[in-house]
Structures are given as structure tokens and as C-alpha cells.
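So the structure is just underneath, and the comments pick up after that.
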Amino acid sequence: MIDRLIIKEAMKRYGTSVNEIAEKMGISRVTLSTHINGNPSTEVLLRIADAIGCPVTELFEQPKKDALTINCPHCGKEINIKVE
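Residue numbers (the numbering used here): 1 to 84.
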């Protein structure tokens, strides 16, 4: 299972903006926003990580190590699952 992309959060953590990343990548802000909000390819993710200056793994939400959780598809509430 692929974890959720957190590109915007990574950009914020590294103190950069969509405009700065788009400029470094040589693409428009609109094109970058389309990638961020869509389903970017591995190549695009690697280019975004390079432009931010972070490992590509930081563009993905990391699973919690102490518990397994899922989100309710109806209300969005996080549900903790204990695995034995």
C-alpha cells in the first residue's frame, strides 16, 4: 500500500514555496500544483524532492509505529486497530 503524499507539508517543513520549487524544476506553478494535487510519476516525485532538498521518502506520510490506523470512509475519523 502506498502512503498518502504530503508534498505541501514537506515544502512547508523545508521553508519553500510552490513558486520556488516550480522555478527550480523549470515548470510553471500551475503545472507543479497539478502534480502535487494529482498522481505524480516517480520521476516527478524525485524532481520535486530534489528541488525541495529532501529525500523522496519525506514526500510520503510515514506510518505510525505504535499503532495501525485507518480512516472511516464515511466520517473520516481515525480508527485505531490493535494487531496481536
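Glycine residues also receive a C-beta, built at the ideal position from the N, C-alpha and C atoms.
Quantities reported herein were computed from a predicted structural model and do not represent experimental measurements.
message: If distances are taken between C-alpha atoms only, which option among Leu-32, Leu-5, Gly-26 and Ile-6 comes closest to Val-18?
response: It is Leu-32 whose Cα lies nearest to the Cα of Val-18.
- prompt: With 16 other CB atoms within 10 Å as the buried threshold, where does Arg-35 fall?
  reply: The residue asked about is misnamed: residue 35 is His in this sequence, not Arg. With 16 or more neighbouring CB atoms inside 10 Å of its own CB, His-35 falls in the buried class.
- prompt: Is there contact here, the region 38-54 with the region 10-25, by at least three beta-carbon pairs under 8 Å?
  reply: The region 10-25 and the region 38-54 touch, with three or more beta-carbon pairs separated by less than 8 Å.
message: Suppose contacts are defined by Cβ-Cβ distances below 9 Å. Is Ile-7 in contact with Leu-59 by that definition?
response: Yes, the pair counts as a contact, with Cβ atoms nearer than the cut-off.
- prompt: Smallest Cα separation from Gly-38: which of Ser-28, Leu-5, Ile-81 and Cys-75?
  reply: The shortest Cα separation from Gly-38 among Ser-28, Leu-5, Ile-81 and Cys-75 belongs to Leu-5.
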